[in-house]
Structures are given as structure tokens and as C-alpha cells.
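K.L.:
A single structure is presented below for examination.
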Amino acid sequence: MIEDRYLANVNYFSRYCKADDDRFEIQEKINNLKILLLGLGGGGSNILTLLAGLGPKMIRMVDYDRVEASNLGRQLLYREADIGEKKTVVAKRAINEMNSNINVETVDKKIIDVNDVVELTEGIDIIVCAIDEPPFLIHRIVNEAIVKVGLPCVFGASQVSRGRVYTVIPQKTGCFDCMNLNFSKNDPKFVEQFVGFRNIQFAPPSIAYGPGIFQLTASIVDELIRVVTRYAEPKSLGTQYEINYEDGNSFTHKTWPRFESECPTCGKGDVSQWEIFQYYQEKK
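Here UniProt numbering is used: the first residue of the sequence shown is 1, the next is one more, and so on.
Laid out in C-alpha cells, this is it:
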């Protein structure tokens, strides 16, 4: 029996149903969903709020940080009174108040390596990666973990005036390392720029605008629901879906292929054959 709180969702999803379809089926799939949410910062905290309205069965959320005053401009899950508290503690309390039907699990942990992620995936249906540190490397760590366990993951990243969403489904789409291979093959300056960031110890500042982050996180959550329910076709399978915060336009980049014979993570490739991965290896 679908609760009243979800009936607006049901009515929305009904637009995508055929006459003889069960109009409650999509919401029921969501209500049985078990999600691993990595990160409770600018992206993750707002993703969590949207998920509370959709009502998945369980959310296992992971973060190690505390609420700071500088978070409050865009991480609207948190309040002034929460400053200094662990984000996992505050987030669990907030979600329990929003939707007590959700089983909320918290893990106070910093993701350092692949095993850190693998250990969190038991019983999970899909993963959302909303971590941005260490820059570049963290997506490769999560990517390797999801390939190992065979779980789909929706990744999100914000770059000042633009946000990007991409989804990896192991063995079905190209993975994050396939994307690196694709850029290495097709962009002569890709590795050079990457190494340049490394050599100057590039660390992007926190540049974030709340309304822009909301655009990105809404797209991430919608993409997760598309991947799980197929109420509509996903927009980011093995490709980057980009949102321009300034003019409101969005578009999908060209899909990158799965390099089964060359990718060292989802295929049979040799990591030592690609300069870009030598850069990553140093970071590990």
C-alpha cells in the first residue's frame, strides 16, 4: 500500500506508464531501494534531502567531517545549531524527522582506498558518489570498487559554473578509467594538463553557489531513479551530462566506449601502458 506522502510521485510517474501498467510499480521499486551515499557535503547533503522525499528503504551514508559555518550557504540540511557536530549524526537526525520510514545507517569514515568502499556495499542496490577529495583520484577509487562488486554508481561533480553527472554500470558501460583512456586517445593535451595540475599541487578552492548545486543534485537524484526504475531513459550512461548553471542549458557529451581489451579496471588492459594511470599510481 503506497502512503499518501508518495501519491504525488505516483501521479508523476503515471505519465510514463502505459494503460495496462501498474501505476504504483515505480514508487514501489523506489520504496524497496537500498542506497549507498558517499559524502554529505554540498552535493551529498542535498541529495539526501531529495531522497528523503522519494522514500527508499535504506540509505547508508558515509562522511567523516563536521558541520562548519562555511557549509551553511549551500548545505541546507544543516542548521546553525549543528555547527561542530558530525555530519553523519546531524544528517541521520534530520532524515529521521523528514521520513521515519527510511532505515538510515551512518558510517563515520574517510574513504582512502578501494577496500574502504567495497566494505560498505553489502546489501546495496546502487551507489551515489558525492565525494570530491582527493581531487580526481577519488572517482577512480570508487570506480574500481564498483567494478569489483558489480554495482552501478551515479557520480556528480561541480566546477564553478557547471555541473556534471555520469553513470557507470559495470560490464555494460565504459567505466571511469575507460573515460580516461578515451580522453588520452582523443585529446593530445589531456595528459599534459593533468600532469600540470599534479606538478603545481593543484587544489581547487571551494567555489559553490547554492542554486547551482541544487540544479546538479536534482539531476543526480533523477538520474539514479531513471537507472533503477527506467521510468525514462537515463541521460548519463557512460557519458557526461553537463549543466550550465549560468544559462540553464544542459547537454550530453559523446558516449565514451568500454575499452575491454585496454582498460586496466573493467577490462584486460595493463595499467603501465598508459601515462595517465602512472600519474594516478603515484597518488595511491
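In this text, a Cβ means the ideal position worked out from N, Cα and C, and glycines have one as well.
Bear in mind the structure is a predicted one, so any value in this text is a computation, not a measurement.
Which of the three DSSP states is assigned to TYR241 in this structure?
P.N.:
In the structure shown, TYR241 sits in a strand (DSSP, three-state: E or B).
K.L.:
Is it buried or exposed, GLU242, if we count other Cβ atoms within 10 angstroms and call 16 or more buried?
P.N.:
buried
K.L.:
Exposed or buried, what is PRO135 when buried is set at 16 or more other beta-carbons lying within 10 Å of its beta-carbon?
P.N.:
exposed
K.L.:
Answer with yes or no whether the minimum CB distance from ASN249 to chain D is below 7 Å.
P.N.:
Here chain D cannot be found, since the structure has a single protein chain.
K.L.:
Taking the alpha-carbon positions, what's the VAL147 to THR265 distance?
P.N.:
Cα to Cα, the separation comes out at about 7 Å.
K.L.:
Skipping 5 residues on each side, what residues in its chain have a beta carbon closer than 8 Å to that of LYS284?
P.N.:
Caution applies to LYS284, whose pLDDT of 42 falls short of 50 and renders its modelled position unreliable; the model cannot decide the point.
K.L.:
Note down, in chain order, each residue of its chain lying with its Cβ closer than 6 Å to the Cβ of GLY43, except the 5 sequence neighbours on either side.
P.N.:
Taking GLY43 as the centre and dropping the five residues before and after it, the same chain places the C-beta of ALA130, GLY156, THR217 closer than 6 Å to its C-beta, in chain order.
K.L.:
According to DSSP, simplified to helix, strand and coil, what is GLY267?
P.N.:
coil
K.L.:
Look at the alpha carbon of PRO211 and the alpha carbon of PRO56, and state the distance between them as a whole number of angstroms.
P.N.:
25 Å
K.L.:
Pull up the distance between the alpha-carbon of ASN115 and that of VAL149, whole angstroms please.
P.N.:
If I take the Cα positions, the gap works out to 11 Å.
K.L.:
Need the endpoints of the alpha helix (DSSP H) that LEU38 sits in, please.
P.N.:
That residue, LEU38, is in no alpha helix (DSSP H); its beta strand (DSSP E) goes 34–38.
K.L.:
Based on the DSSP secondary-structure assignment, which residues constitute the bridge partners of ARG162?
P.N.:
GLN159, ASN244
K.L.:
Taking its Cβ as the centre, do 16 or more other Cβ atoms sit within 10 Å of GLU3, making it buried, or is it exposed?
P.N.:
The residue is exposed, with fewer than 16 neighbouring Cβ atoms inside 10 Å.
K.L.:
State the start and end residues of the unbroken alpha helix (DSSP H) segment that holds ILE225.
P.N.:
210–229
K.L.:
Rounded to the nearest angstrom, how far is the Cβ of ILE59 from that of ILE83, given a contact under 8 Å?
P.N.:
23 Å between Cβ atoms; not a contact.
K.L.:
Under the assumption that CYS153 contacts VAL165 (Cβ atoms under 8 Å), give the Cβ distance between them as a whole number of angstroms.
P.N.:
Actually they are not in contact, since the Cβ atoms of CYS153 and VAL165 sit about 11 Å apart, beyond 8 Å.
K.L.:
Within its chain, find whatever has a CB closer than 6 Å to the CB of ALA145; leave out the 5 residues flanking it on each side and keep chain order.
P.N.:
Excluding residues within five positions, the ones whose Cβ falls inside 6 Å are VAL114, VAL117, VAL118.
K.L.:
Counting only the same chain and skipping the five closest in sequence on each side, list residues whose C-beta sits under 7 Å from that of GLY73.
P.N.:
Excluding sequence neighbours, GLY73 sits near GLY210.
K.L.:
For VAL228 and GLU262, what's the separation of their Cα atoms in angstroms?
P.N.:
29 Å
K.L.:
Locate the alpha helix (DSSP H) running through PHE251, then write down its first and last residues.
P.N.:
According to the DSSP assignment, PHE251 belongs to no alpha helix (DSSP H) but to the beta strand (DSSP E) extending over 250–252.
K.L.:
For ASP4, name the three-state secondary structure that DSSP assigns.
P.N.:
Here ASP4 sits in helix by DSSP.
K.L.:
Looking only at its own chain, which residues have a Cβ that is under 7 Å from the Cβ of MET179, when we skip the five neighbours before and after it?
P.N.:
TRP256
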